[in-house]
Structures are given as C-alpha cells and as structure tokens.
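Below is one structure, written out as structure tokens, with a few remarks after it.
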Amino acid sequence: MSEMLKNVDSRTNLVGQNRLELLMFRLAGRQTFAINVFKVQEVLTLPSLTLMPQRNPAVIGVVYLRGRALPVIDLSQAIGMRPIVYNEESTIIVTEYNSTVQAFLVGSVDRIVNLNWEQIQPPPSGAGHRHYLTAITQMEDRIVEIIDVEKVLAEIAPLSTELPAHLLNDEFLAKAKGRQVLMVDDSLTAHTQAKTIFVKLGLTVHQAMDGQEGLEFLRKMADDSDTPIDEQLLLVVTDAEMPRMDGYRLTTEIRADPKLKDLFVVLHTSLSGAFNEAMVEKVGCNKFLSKFKPEALAGVIRSRIEEIS
Numbered sequence: 009m010s011e012m013l014k015n016v017d018s019r020t021n022l023v024g025q026n027r028l029e030l031l032m033f034r035l036a037g038r039q040t041f042a043i044n045v046f047k048v049q050e051v052l053t054l055p056s057l058t059l060m061p062q063r064n065p066a067v068i069g070v071v072y073l074r075g076r077a078l079p080v081i082d083l084s085q086a087i088g089m090r091p092i093v094y095n096e097e098s099t100i101i102v103t104e105y106n107s108t109v110q111a112f113l114v115g116s117v118d119r120i121v122n123l124n125w126e127q128i129q130p131p132p133s134g135a136g137h138r139h140y141l142t143a144i145t146q147m148e149d150r151i152v153e154i155i156d157v158e159k160v161l162a163e164i165a166p167l168s169t170e171l172p173a174h175l176l177n178d179e180f181l182a183k184a185k186g187r188q189v190l191m192v193d194d195s196l197t198a199h200t201q202a203k204t205i206f207v208k209l210g211l212t213v214h215q216a217m218d219g220q221e222g223l224e225f226l227r228k229m230a231d232d233s234d235t236p237i238d239e240q241l242l243l244v245v246t247d248a249e250m251p252r253m254d255g256y257r258l259t260t261e262i263r264a265d266p267k268l269k270d271l272f273v274v275l276h277t278s279l280s281g282a283f284n285e286a287m288v289e290k291v292g293c294n295k296f297l298s299k300f301k302p303e304a305l306a307g308v309i310r311s312r313i314e315e316i317s
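Residue numbers (our numbering): 9 to 317.
Now the structure itself:
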C-alpha cells in the first residue's frame, strides 16, 4: 500500500479535472470509510507504542517514526464508535493536515479508488451537524463515508481564533468593515473558524458548502448587479476538496467566465503546502493558505485591502 502512495507527482494530473483519489478502509465494524489520498503519507503496521499521561481518550499513544514523534489516534473512538482492539499487527494511516502529521489507527485498509467529484455527495441533510462526515459516495453495492478529519483534529486539539492586536487597529478595521467575502468549504469546522475571523474584522460573509454552490452564487451575484463582481467581493476563499465540484475546478470555472475572471481567489486547504503552491499557479489561484491559521488568514485580508485601497 505504501508504494501506491509514493508518487504524488503522478496524481497532480487530477487537479483541475474535478477528480480525486480515496483511500478506503474499515474501522471497528464492517462500514467502509475513506479519506483523500493527497492527505496520506504512508500506511504501515503499528510501530512500538508509547503511552501518554493525561492524553485525549482517542489518542492511544505516541510512535517514533522517521525521526519524529507522532500521536496515534483511534479514529473509530474519535468519531464516536467503539474503540479498535489493537496489537502489533494493527494498521495505521500516517497523514498530514494543516502542516501537522499524525497517525490514525484503523481496523484494515481496503484499496485506493479514483473518482470524479460529481460522484461525491454531501451527507444527507437530515443527519444534523454532529456527524463526522464531509461527504458520501457509493462503490459497487456499498456506501462509503468520507470522514471530516478536520473536525476530529479540532476536537482533540481545539482551534484558536485569537488575533494579535496589530491586526485589529482602528484604521484597518474601518477599511475592512462591510466588505464582502465568499467562503466555500464542505467542513462546518472550517466555516466556523474562518467566519469567526471574518466577523472580527467586520466583514460580511457569504457561505457555500461546495464548489458548485459557490459558482452558482457567484454567477447570480454577477448577474444581479451592474457593478463588476470583483468590486463587490473582496475575495473568494475556497477549500480544495469538496463534493460535486472541488476548489481547483471552481477556480478554473471562475477564470473561464468573463464576469468572474478578475476575482481574487485564495485556496484555503489542509492539504500540504508544497503540493498546493505548485497547483495554485496551475489553476490560477491568487494565493495559497493553510487552514486554521487565524493570523495568516487575517493577514491575507489585510494585504488584499491595502492592495485595492
């Protein structure tokens, strides 16, 4: 399995084509779950485990891997299911989210599949907001649930939305007040964190849960006013991976639309920086920003306001 994950460069061809690769696995039961392969560094047998005092209940311990200590999270317990019974033959998935690396204990790994984002759907609307899914899809005769890892990690290590005083001075806040932004993301955790920052800066926030919804909003906004949309909207902040239409495809569609092409687009994602810095230029984003970095997000807003003032 690790050999299948090594060639990241070959997967960059998926970018802009609204496609993704999923790593499918099981936890403590028969249900199939998945995460985006781009987040996965390797899959391996659980190394020697060191326990941690006063740890989060879902963190079973720490492993030392390739020169660094990584927390090992029982993903089943973290999403409210029964804990996984583990031993020296158990499997972990090593992932990178928001420039942090961690390992998830899983029951077993299935395979990698290549899909179109149009095959990925949001969770059912009647499921409420307490679940740990960003999307679902169907493979053959089974439902595959895509886990909201950002929510899992935010619950284990709560996110900060504090901003330094120099970003909240009266002159900047006066310039920012009332300006509009569009936030496009399938994670409620990401929406909550980013909206908190936007509101602190006095911005008016529009929200969409995937690229298709975001594109429809932008086209309607452009059609409903004689004022160019890039003068109405300070910027678009979009996640990379989302059901129906991903952030790369959304950016491609924006650049191809004469009414939208001049919008300032920020790719705001938990995917690795090295990968995205290359992809920003490929699809035409203006900026790449790692998620859950409030000061950096506020800094992008400030730079954008200074640029157009």
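For each residue, glycine too, the CB sits at the ideal point set by N, CA and C.
Item	Value
Beta-bridge partners of F46, as assigned by DSSP	For F46, which the question treats as bridged, DSSP gives no partner whatsoever.
Residue range of the beta strand (DSSP E) that includes S112	Note that residue 112 corresponds to Phe in the displayed sequence, not to Ser. From DSSP, the beta strand (DSSP E) with F112 extends over T108 to V114.
C-beta atoms of F33 and V157 nearer than 8 Å	no
Reference Q215, options S233, D193 and N44, closest by Cα	D193
Three or more C-beta pairs below 8 Å linking the region 81-99 and the region 35-43	yes
The alpha helix (DSSP H) enclosing E224, as first and last residue numbers	G219 to D231
Residues of its chain near S10, where Cβ-Cβ distance is below 7 Å and the 5 sequence neighbours each way are ignored	For S10, the predicted model reports a pLDDT of 49, less than 50, meaning its position is unreliable; a value from the coordinates is still stated below. So the qualifying residues of the chain are E50, V51 and L52.
Through-space distance from F206 to A184, alpha-carbon basis	9 Å
Reduced DSSP secondary structure (H/G/I, E/B, other) of F272	coil
Rounded Cβ spacing between P172 and E303 (contact assumed at less than 8 Å)	6 Å
Whole runs of the alpha helix (DSSP H) within the region 28-102, excluding any shorter than 4 residues	83-86
Element boundaries [alpha helix (DSSP H), containing S298]	S298 -> not in any alpha helix (DSSP H); beta strand (DSSP E) instead, spanning K295 to S298.
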